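When we follow my numbering, the leftmost residue of the sequence shown carries the number 5, and every step to the right adds one. One structure below.
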Amino acid sequence: MKLINILEETVCDTKSKECMYSECNICETTSPTYNFTKAKKYDNVTWIEWITKDVEYEKNDETKKTKKVVTESKTEKLEILINLFEKELTKFKEHYFNIWHQYNVYRNLKSSLQHNEVMIHCDFSENYTCKMHRQIQSAHFGTQNQISLHTSVIYVKSSKPRAYCTLSDSTDHSPAAIWAHLRPILIDIKKKVPQINTVHVFSDGPATQYKQKKNFYLYKLYLEDLNFEKGTWNFSESYHGKSAADGIGGVIKRLLDAKVSHGMDVSDTSTAYSLLKENTTVNLFCVKESDIIEIKSKNQTAFESLVPVPKTMKIHQIQVETENHSNEINYRVLSCFCNGSSMRGFCDCFNIKRHCLLKSRPRKRTRLTSDSDDCLPLPFKRTAHTTNMSAAISKSENKTPPVSSKNIPTVPIDIFGAVDCDSDSSDIFTYYWYY
Ligand SMILES: [Zn+2]
Ligand SMILES: [Zn+2]
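What follows is the structure, encoded as structure tokens:
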């Protein structure tokens, strides 16, 4: 019997979230039917199980520990095996539904995009190992440089999908790197289709750096910086997001290998770029290592104050709106684009929740002037290339904001996350931001 048949047997509808999440009153407790007598339940049975084990290994005369997935033979009563199976089945039902649902919303959105929307499907391809023609001939490989390839497919209404590949000598794939790779693409989209104000990103889930607080923070920051109004980021169920974006990586690598076999050298990103640019319709951009370092250092203080979204691993969609300049995002367990209006992707289905990414951490009573009492606002309305703005912070013992004057110390915008509300004084102060 196939697993899908067992699912069909134990739930009312495999396309219903309530049924598949074991939240349906009718089928929640339905078990599969087993083909044996009750008495058999107490017989011993043997089965093979995958388990994660701590294993020790030697490296450079040191004993190190790692985790390994191995098979193990177990012998227990059949009843115990049934319990185990049903527990796994509950998890599998959710997993199966998530794969189907996320793929379905992806497909539906792609076929019904509106004039103001762009859909970006992105992924890091496996790094390309640089090759020299001479090395290939002599089969001598020394230490070789690697090139990061971040690939994206862009969908907009009434136009063909566009393929992008951004290349970098940095093998960093962290959120700062993701944004060094995505930024030139968003700028290009805005230039080519200026009416786009809503971005829907689709990417792989937990196995990558995409699904985490730093990426969520930078997403909001860059959408605002590049004058987009709102965006959703949608995650495929883990390990089920392979896509056209992977295909681009393959095309690029094959093109580079062909150049090497024709006598050329691919030693770094700039040689790769110049060899590729005349030979592919994929849009290419080079990402400098310094771009990544700059994003990291600019946001380092904020990164340290970020609060993770509860149960991040379980979520499949976040929503950001740049209008309110706060650090709040919405998140939910599944993506939804049920509404055909401009609010599409921003409906409140699937028990949507709000989360403040940058919380103040007052240990004493402190009030902040922000939309909510404990969520620091983004420090300014970002417009492109406003890097030398500064903000003022002041504390006041009364409830009226102090007037900005030359006496008020100004601090660079990017350190706003470092504001320590627990100052050395035991007095109750109110802190104000203004620009
Ligand atoms: Zn049901
Ligand atoms: Zn909805």
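A virtual CB, placed ideally from N, CA and C, is assigned to each residue, including glycine. Only a predicted model underlies this, so the values are computations on that prediction, with no experimental measurement involved.
Kindly examine ligand 1 and report whether one of its heavy atoms sits closer than 7 angstroms to the Cβ of GLU22.
Counted from its first residue, the sequence shown places residue 22 at position 18. Yes, Cβ of GLU22 sits closer than 7 angstroms to a heavy atom of ligand 1.
Measure the CB-CB distance between ILE322 and ALA180 and report whether it falls below 8 angstroms.
Translated into positions along the sequence shown, residue 322 becomes position 318. Translated into positions along the sequence shown, residue 180 becomes position 176. Going by C-beta atoms, ILE322 is not nearer than 8 angstroms to ALA180.
Could you tell me the alpha carbon to alpha carbon distance between VAL270 and CYS290, rounded to whole angstroms?
In the sequence shown, the residue the question calls residue 270 occupies position 266. In the sequence shown, the residue the question calls residue 290 occupies position 286. Looking at the two C-alpha atoms, the distance is approximately 14 angstroms.
Under the rule that 16 or more other beta-carbon atoms within 10 Å means buried, what is HIS125, buried or exposed?
Sequence index remark: in the sequence shown, residue 125 carries index 121 (1-based). Counting Cβ neighbours within 10 Å, HIS125 comes out buried, since at least 16 surround it.
Is the number of C-beta pairs between the segment 69–78 and the segment 50–61 that are closer than 8 angstroms three or more?
Result yes; three or more Cβ-Cβ pairs closer than 8 angstroms.
Could you tell me if the beta carbon of ILE441 falls within a distance shorter than 7 angstroms of some heavy atom in ligand 1?
Lying before the first or after the last residue shown, residue 441 is absent from the chain, which here runs from 5 to 439.
Check whether the Cβ atoms of CYS340 and VAL122 sit closer than 8 angstroms, and answer yes or no.
What you label residue 340 is simply residue 336 of the sequence shown in a count that begins at 1. What you label residue 122 is simply residue 118 of the sequence shown in a count that begins at 1. No, the Cβ-Cβ distance between CYS340 and VAL122 is not below 8 angstroms.
Is the segment 354–364 in contact with the segment 326–339, if contact means three or more CB pairs nearer than 8 angstroms?
Judged by Cβ distances under 8 angstroms, the segment 354–364 makes contact with the segment 326–339, as three or more pairs qualify.
Using a threshold of 7 angstroms, is the CB atom of HIS343 nearer than that to any non-hydrogen atom of ligand 2?
Along the sequence shown, read from residue 1 onward, the residue named residue 343 stands at position 339. Reading off the sequence shown, one finds Asn at residue 343, where the question assumed His. Flag set: Cβ of ASN343 near ligand 2.
Counting pairs of Cβ atoms below 8 angstroms between the segment 270–289 and the segment 149–163, do you hit three or more?
yes
Looking at the secondary structure, which residues open and close the alpha helix (DSSP H) in which VAL255 lies?
Here the question's residue 255 lines up with position 251 in the sequence shown. Residues 248–265.
Please determine, among THR202, ASN238, TYR159, LYS21, the residue with the shortest C-alpha to C-alpha distance to MET317.
If you number the sequence shown from 1, residue 317 lands on position 313. The shortest Cα separation from MET317 among THR202, ASN238, TYR159, LYS21 belongs to ASN238.
Using a Cβ-Cβ cutoff of less than 7 angstroms, which residues in the same chain neighbour GLU98 once the five nearest sequence positions on both sides are dropped?
Translated into the one-based positions of the sequence shown, residue 98 becomes position 94. Taken in chain order, the residues that qualify are MET24, TYR25.
Cβ of ASP272 within 7 angstroms of any heavy atom in ligand 1?
The sequence position of residue 272 within the sequence shown is 268, counting from 1. The answer is no for ASP272.
Starting from the N-terminal side, write out each stretch of the beta strand (DSSP E) that is 3 residues or longer and does not extend beyond the segment 310–372.
321–325, 332–336, 357–360
What does a CB cutoff of less than 7 angstroms around LEU361 pick up in its chain, not counting 5 residues either side in sequence?
Counting from 1 along the sequence shown, the entry for residue 361 is found at position 357. Excluding residues within five positions, the ones whose Cβ falls inside 7 angstroms are LYS217, PHE220, TYR221, LEU310, VAL311, ASN331, ILE333.
Using C-beta distances below 7 angstroms, list every residue in its chain close to LEU85, excluding the 5 sequence neighbours before and after it, in chain order.
In the sequence shown, residue 85 corresponds to position 81, counting from 1. These residues qualify, in order along the chain: VAL49, TRP51.
For LYS3, which option in ARG138, LYS135, PRO36, PHE206 has the closest C-alpha, if you only look at C-alpha atoms?
The displayed coordinates of the chain run from 5 to 439. Any statement about residue 3 would go beyond what the structure contains.
Go to ILE151, then tell me how far its alpha helix (DSSP H) extends in each direction, as first and last residue.
Taking the sequence shown and counting its residues from 1, one reaches residue 151 at position 147. Premise fails: ILE151 lies in the beta strand (DSSP E), 150–160, not in any alpha helix (DSSP H).
Could you work out which residue in CYS351, TYR38, GLU12, ASP295 is closest to HIS185 when comparing CA atoms only?
For this step, residue 185 is matched to residue 181 along the sequence shown. Cα-wise, what sits closest to HIS185 is ASP295.
Tell me the rounded alpha-carbon separation between PHE350 and CYS342.
Numbered from 1 along the sequence shown, position 346 holds the residue referred to as residue 350. Numbered from 1 along the sequence shown, position 338 holds the residue referred to as residue 342. Counting only the Cα atoms, CYS342 lies some 9 angstroms from PHE350.
In whole angstroms, what separates the C-alpha of VAL415 from that of GLU32?
Reading the sequence shown from its first residue, position 411 is the one you call residue 415. Reading the sequence shown from its first residue, position 28 is the one you call residue 32. At VAL415, the pLDDT of 30 sits below 50, so the modelled position is not reliable and the matter cannot be decided from this model.
Hey, LYS42 and LEU82: beta-carbon distance below 8 angstroms or not?
For the purposes of this step, residue 42 is taken as residue 38 along the sequence shown, with counting starting at 1. For the purposes of this step, residue 82 is taken as residue 78 along the sequence shown, with counting starting at 1. Going by C-beta atoms, LYS42 is not nearer than 8 angstroms to LEU82.
At which residues does the alpha helix (DSSP H) containing ALA276 begin and terminate?
As a position in the sequence shown, residue 276 is number 272, starting the count at 1. Annotation for ALA276: the continuous alpha helix (DSSP H) segment containing it runs 273–280.
Could you tell me which residues DSSP pairs with ILE296 in its beta bridges?
Against the sequence shown, residue 296 aligns to sequence position 292. None; ILE296 has no bridge partner.
Beta strand (DSSP E) containing ASP58: first to last residue?
The count along the sequence shown starts at 1 and reaches residue 58 at position 54. 48–63 is the extent of the beta strand (DSSP E) around ASP58.
Taking MET123 as part of the beta strand (DSSP E), name the residues at either end of that continuous run.
As a working mapping, residue 123 is identified with position 119 in the sequence shown. MET123 -> beta strand (DSSP E) spans 121–133.
Check the C-beta distance from LEU338 over to HIS105 and give it rounded, since I have them as a contact under 8 angstroms.
The residue you call residue 338 lines up with position 334 of the sequence shown. The residue you call residue 105 lines up with position 101 of the sequence shown. Rounded, the Cβ-Cβ distance is 5 angstroms, consistent with contact.
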